[in-house]
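Trainee:
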Amino acid sequence: MALSSVTAFVEFLKLQAQQYSVLMPIFALALARFIHLRLRGPLDQLNLHRALRSQLTIESKHFEHDNAVSPRLIIPLAEEWHIVTEDGAKAHSLVYYPTVTPDTHRLLVLVIPGNPGVPFYYLPLMQELMKKHGQRHEIRCLSHSGHFMPWKNNGRAFSLQEQLEHKAFYLKQRLHDDPSLQCVLIGHSIGSYFALDIARRFPQHIAKLVLMQPTIMQMAQSYKGKQMMPLFNHYEYGVKLVKAVEFLVPPLPRRWIVRRVLGFKTPELLQLASLSLVDASVMRNVLGMAQNELEEVTELDNKLIKKFETKILFVYSTVDEWVPAEFVQKLQVLFPNAQHRVVLQAHAFMMEANGTRDMAAHISQWIGDLLDCKPVVRDSRATGAHTCELAI
Numbered sequence: 001m002a003l004s005s006v007t008a009f010v011e012f013l014k015l016q017a018q019q020y021s022v023l024m025p026i027f028a029l030a031l032a033r034f035i036h037l038r039l040r041g042p043l044d045q046l047n048l049h050r051a052l053r054s055q056l057t058i059e060s061k062h063f064e065h066d067n068a069v070s071p072r073l074i075i076p077l078a079e080e081w082h083i084v085t086e087d088g089a090k091a092h093s094l095v096y097y098p099t100v101t102p103d104t105h106r107l108l109v110l111v112i113p114g115n116p117g118v119p120f121y122y123l124p125l126m127q128e129l130m131k132k133h134g135q136r137h138e139i140r141c142l143s144h145s146g147h148f149m150p151w152k153n154n155g156r157a158f159s160l161q162e163q164l165e166h167k168a169f170y171l172k173q174r175l176h177d178d179p180s181l182q183c184v185l186i187g188h189s190i191g192s193y194f195a196l197d198i199a200r201r202f203p204q205h206i207a208k209l210v211l212m213q214p215t216i217m218q219m220a221q222s223y224k225g226k227q228m229m230p231l232f233n234h235y236e237y238g239v240k241l242v243k244a245v246e247f248l249v250p251p252l253p254r255r256w257i258v259r260r261v262l263g264f265k266t267p268e269l270l271q272l273a274s275l276s277l278v279d280a281s282v283m284r285n286v287l288g289m290a291q292n293e294l295e296e297v298t299e300l301d302n303k304l305i306k307k308f309e310t311k312i313l314f315v316y317s318t319v320d321e322w323v324p325a326e327f328v329q330k331l332q333v334l335f336p337n338a339q340h341r342v343v344l345q346a347h348a349f350m351m352e353a354n355g356t357r358d359m360a361a362h363i364s365q366w367i368g369d370l371l372d373c374k375p376v377v378r379d380s381r382a383t384g385a386h387t388c389e390l391a392i
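Number 197 in UniProt numbering belongs to position 197 of the sequence shown; there are no gaps in the numbering.
#1: Helix, strand or coil for Gly-187, going by three-state DSSP, please let me know.
#2: According to DSSP, Gln-182 sits in a beta bridge with which residue or residues?
#3: Got a sec, what are the start and stop residues for the beta strand (DSSP E) Ile-257 sits in?
#4: To which residues of the same chain is Met-294 closer than 7 Å at the C-beta, ignoring the five residues directly before and after it?
#5: For the putative contact between His-362 and Val-315, defined by C-beta atoms under 8 Å, what is the C-beta separation to the nearest angstrom?
#6: Using the Cβ count rule (16 or more neighbours within 10 Å means buried), how would you classify residue 393?
#7: What is the DSSP secondary structure of Tyr-121, counted as helix, strand or coil?
#8: CA-CA distance, Thr-318 and Thr-298?
#9: For Ile-367, count neighbouring C-beta atoms within 10 Å of its own C-beta (all shown protein chains included) and say buried if the count is 16 or more, exposed if not.
#10: Using a 10 Å radius around the Cβ and a threshold of 16 neighbouring Cβ atoms, would you call Pro-253 buried or exposed?
#11: For Arg-260, count neighbouring C-beta atoms within 10 Å of its own C-beta (all shown protein chains included) and say buried if the count is 16 or more, exposed if not.
#12: Using a 10 Å radius around the Cβ and a threshold of 16 neighbouring Cβ atoms, would you call Asp-177 buried or exposed?
#13: For residue 405, count neighbouring C-beta atoms within 10 Å of its own C-beta (all shown protein chains included) and say buried if the count is 16 or more, exposed if not.
#14: Any heavy atom of the ligand COA within a distance shorter than 7 Å of the CB on Asn-302?
#15: Is the beta carbon of Leu-48 sitting closer than 8 Å to the one on Leu-275?
#16: Among Leu-123, Pro-250, Lys-90, Gly-238, whose alpha-carbon lies nearest the alpha-carbon of Arg-53?
#17: Could you pull out every residue in the same chain whose Cβ sits closer than 8 Å to the Cβ of Phe-335, ignoring the five residues on either side in sequence?
#18: Quick one: measure Cβ to Cβ for Val-239 and Met-289, integer angstroms, because I've assumed they're closer than 8 Å.
#19: Considering His-176, what are the terminal residues of the alpha helix (DSSP H) in which it resides?
#20: Counting C-beta neighbours from all protein chains within 10 Å, is the total for Ser-180 16 or more, i.e. buried, or is it exposed?
#21: Just mark Phe-349 as buried or exposed, buried being the case when its beta carbon has 16 or more other beta carbons within 10 Å.
#22: Look at the Cβ atom of Ile-83, then the Cβ atom of Tyr-97, and state whether they are nearer than 8 Å.
#23: Below 8 Å, can you find three or more Cβ-Cβ pairs linking the region 144-162 to the region 123-136?
#24: Using the C-alpha atoms, what's the distance from Gln-339 back to Leu-277?
#25: What residue does the alpha helix (DSSP H) around Ile-305 start on, and which one ends it?
#26: Going by DSSP, which residues form a beta bridge with Gln-339?
#27: Among the residues of its own chain, which have a CB less than 6 Å from the CB of Val-111, if the five just before and after it don't count?
#28: Determine the burial state of Cys-373: buried for a count of at least 16 other Cβ atoms within 10 Å of its Cβ, exposed for fewer.
#29: Please report how far the alpha carbon of Ala-207 lies from the alpha carbon of Ile-58, in whole angstroms.
#30: State buried or exposed for Val-210, treating a residue as buried only when at least 16 other CB atoms are found within 10 Å of its CB.
#31: Might you give, ordered along the chain, the residues of its own chain that have their beta carbon closer than 7 Å to the beta carbon of Ser-70, omitting 5 neighbours on each side?
#32: What's the C-alpha gap between Asn-292 and Gln-182?
#33: Here's the rule I'm using: 16 or more other beta-carbon atoms within 10 Å means buried, otherwise exposed. How should Ala-244 be labelled?
#34: Could you tell me how far apart the beta carbons of Ala-273 and Val-118 are, in whole angstroms, since I believe they sit closer than 8 Å?
And the structure:
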């Protein structure tokens with residue numbers, strides 16, 4: 001915050017103290033809290049990030065132990081930041097690299113989150129795919145800019161269109177480094193809209209698509225869209241509410257509230273990911289992008305989906321207020337040559353018991369032939385068994 005704003009705030013407190021001397025202690029406390037927040041704002045985010053990293057270490061050990069996998073055969077989860085615009089905007093990602101780097105036919109499994117676009121929500125899904133198919137290919141989840149650790153982008157707000165351009169920028173960089181790269185795109189909710197946009201831009205590099213609970217048409221006409229439209233159209237009120245929570249509620253009580261809301265049985269990693277949303281800059285990005293979604297996700301791109309129909313798996317929920325039954329029926333009728341599956345969990349499947357496991361089972365059946373394909377390397381001793389090429 002600019003020095004002039006701080007000075008103006010202090011002068012305001014002085015004026016109030018002169019008029020209402022009995023309130024002087026309250027004004028002093030408010031000033032102390034104000035200064036504390038300005039100094040500790042980024043530190044709270046850093047402390048939360050440390051807690052997430054610590055939890056990742058714990059879960060990685062459990063993952064290796066539960067699957068009886070030698071640590072030497074696993075490349076640990078990596079956390080990376082990427083420049084996704086010419087002016088230096090950044091996006092966050094979590095990635096498992098392959099244990100053997102192939103010389104040809106490289107495959108990228110790219111998970112594109114919904115909104116909020118925080119990769120930690122999708123780490124259990126990435127791990128489920130690794131359990132079933134090993135670490136032969138790169139599996140990565142790429143965030144939406146500003147949805148996690150917003151100070152990395154100086155608190156900037158990004159529109160839906162800008163986020164789409166970020167993903168395209170990232171893929172262009174990857175394809176520049178490896179023109180033969182093939183992609184399996186796994187999109188959740190609005191992430192499915194992103195996946196289709198990537199397919200439109202890079203059609204020759206799409207191996208398969210998975211669209212989980214896809215919000216790719218008439219979002220404003222869904223039950224949830226109609227319900228949430230007033231909030232999204234005036235999302236700055238939501239941002240102010242979160243800012244008030246930041247001001248009034250210290251980190252530890254905040255963490256207890258998140259646990260209470262999500263349920264104490266919710267995995268610690270998901271609780272911490274949700275806690276990261278209690279940030280005014282994050283909420284401005286989340287709600288602002290949601291408003292864009294209702295305005296811009298309208299007509300279904302039939303021609304685009306037809307082009308990739310045989311490569312697409314749709315996964316729906318039995319009850320989904322964002323993707324209602326009439327939308328599901330329309331997709332099934334329009335695209336009979338695509339695969340269509342149903343899970344029992346709600347739209348935010350990763351927050352429910354067995355949600356990630358059930359979703360991963362469907363995804364595994366669809367892309368397993370690609371994930372089980374052993375990459376081609378020059379040294380055959382590195383692969384042991386036979387190799388195969390990606391059937392694109």
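Where is the CB? At the ideal position from N, CA and C, for every residue including glycine. This structure is a prediction, so every number in the text was calculated from the model and none was measured.
Mentor: According to the structure shown:
#1: Stepping through the sequence shown from its first residue, residue 187 is reached at position 187. It is a strand residue.
#2: The residue labelled residue 182 in the question sits at position 182 within the sequence shown. Beta-bridge pairing links Gln-182 to Leu-107.
#3: Numbered from its first residue, the sequence shown carries residue 257 at position 257. In the DSSP assignment, Ile-257 falls outside any beta strand (DSSP E) and within the unbroken alpha helix (DSSP H) covering 251-262.
#4: Stepping through the sequence shown from its first residue, residue 294 is reached at position 294. It is Leu, not Met, that sits at residue 294 in the sequence shown. The residues are Met-219, Ala-220, Gly-225, Met-229, Phe-232.
#5: In the sequence shown, residue 362 corresponds to position 362, counting from 1. In the sequence shown, residue 315 corresponds to position 315, counting from 1. Sure, about 5 Å apart at Cβ, within 8 Å.
#6: Residue 393 lies beyond the residue range present for the chain, which begins at 1 and ends at 392; the question has no answer from this structure.
#7: For the purposes of this step, residue 121 is identified with residue 121 of the sequence shown, where counting begins at 1. Note: Tyr-121 maps to helix in three-state DSSP.
#8: To locate residue 318, count along the sequence shown from 1; it is residue 318. To locate residue 298, count along the sequence shown from 1; it is residue 298. Their Cα atoms are separated by approximately 22 Å.
#9: Position 367 of the sequence shown holds residue 367. Taking all protein chains in view, the Cβ of Ile-367 is crowded by 16 or more other Cβ atoms within 10 Å, so the residue is classified as buried.
#10: Locating residue 253 in the sequence shown gives position 253, where the first residue counts as 1. Around the CB of Pro-253, fewer than 16 other CB atoms lie within 10 Å, so the residue is classed as exposed.
#11: Against the sequence shown, residue 260 aligns to sequence position 260. When all chains shown are included, Arg-260 counts as exposed.
#12: Within the sequence shown, the letter at position 177 stands for residue 177. Asp-177 should be labelled exposed.
#13: Residue 405 lies beyond the range of the chain shown here (1 to 392); nothing can be said about it.
#14: The ligand COA is absent from the structure shown, which contains no ligand whatsoever.
#15: Stepping through the sequence shown from its first residue, residue 48 is reached at position 48. Stepping through the sequence shown from its first residue, residue 275 is reached at position 275. In this structure, Leu-275 lies closer than 8 Å to Leu-48 by Cβ.
#16: The residue given as residue 53 occupies position 53 in the sequence shown. Nearest C-alpha to Arg-53 among Leu-123, Pro-250, Lys-90, Gly-238: Leu-123.
#17: Residue mapping note: residue 335 aligns to position 335 of the sequence shown, counting from 1. Counting only Cβ-Cβ distances below 8 Å, and skipping sequence neighbours, we find Ile-305, Lys-306, Glu-309, Ile-312, Phe-314.
#18: Numbered from 1 along the sequence shown, position 239 holds the residue referred to as residue 239. Numbered from 1 along the sequence shown, position 289 holds the residue referred to as residue 289. In fact, because the Cβ distance is near 13 Å, the residues do not count as touching under 8 Å.
#19: The residue given as residue 176 occupies position 176 in the sequence shown. Looking at the DSSP string, the run of the alpha helix (DSSP H) that includes His-176 is 160-177.
#20: On the sequence shown, position 180 is the one that residue 180 refers to. Taking a 10 Å sphere around the C-beta of Ser-180, we find fewer than 16 other C-beta atoms and assign the residue as exposed.
#21: If you number the sequence shown from 1, residue 349 lands on position 349. Phe-349 is classed as buried because its beta carbon has at least 16 other beta carbons within 10 Å across all chains shown.
#22: The residue labelled residue 83 in the question sits at position 83 within the sequence shown. The residue labelled residue 97 in the question sits at position 97 within the sequence shown. At a Cβ-Cβ threshold of 8 Å, Ile-83 and Tyr-97 do not count as neighbours.
#23: Flag = no, the region 144-162 and the region 123-136 do not touch.
#24: Here residue 277 corresponds to residue number 277 of the sequence shown, with the count starting at 1. Here residue 339 corresponds to residue number 339 of the sequence shown, with the count starting at 1. Spanning the two alpha carbons is a distance of roughly 34 Å.
#25: Position 305 of the sequence shown, counting from 1, holds the residue named residue 305. Per DSSP, Ile-305 is one residue of the alpha helix (DSSP H) stretching across 302-307.
#26: As a first step, residue 339 is located in the sequence shown; it is residue number 339 there, counting from the start. Bridge partners of Gln-339: Leu-313.
#27: Counting from one through the sequence shown, the residue named residue 111 turns up at place 111. The residues are Tyr-122, Cys-141, Ile-186.
#28: If you number the sequence shown from 1, residue 373 lands on position 373. Buried, by the Cβ-count rule.
#29: What you label residue 207 is simply residue 207 of the sequence shown in a count that begins at 1. What you label residue 58 is simply residue 58 of the sequence shown in a count that begins at 1. Taking C-alpha positions only, Ala-207 is separated from Ile-58 by approximately 34 Å.
#30: Residue 210 sits at position 210 when you count from the first residue of the sequence shown. By the neighbour-count definition (other C-beta atoms within 10 Å, threshold 16), Val-210 is a buried residue.
#31: Within the sequence shown, residue 70 is the residue found at index 70, counting from 1. At Ser-70 the pLDDT is 47, less than 50, meaning the model places this residue with poor confidence; the figure from the coordinates comes in the next sentence. Excluding five sequence positions before and after Ser-70, none of the CB atoms of its chain fall closer than 7 Å to its own CB.
#32: Against the sequence shown, residue 292 aligns to sequence position 292. Against the sequence shown, residue 182 aligns to sequence position 182. One C-alpha to the other measures close to 30 Å.
#33: For the purposes of this step, residue 244 is identified with residue 244 of the sequence shown, where counting begins at 1. Within 10 angstroms of the beta-carbon of Ala-244 lie fewer than 16 other beta-carbons, which makes it exposed.
#34: Along the sequence shown, read from residue 1 onward, the residue named residue 273 stands at position 273. Along the sequence shown, read from residue 1 onward, the residue named residue 118 stands at position 118. Indeed they touch by this definition, with Cβ atoms about 5 Å apart.
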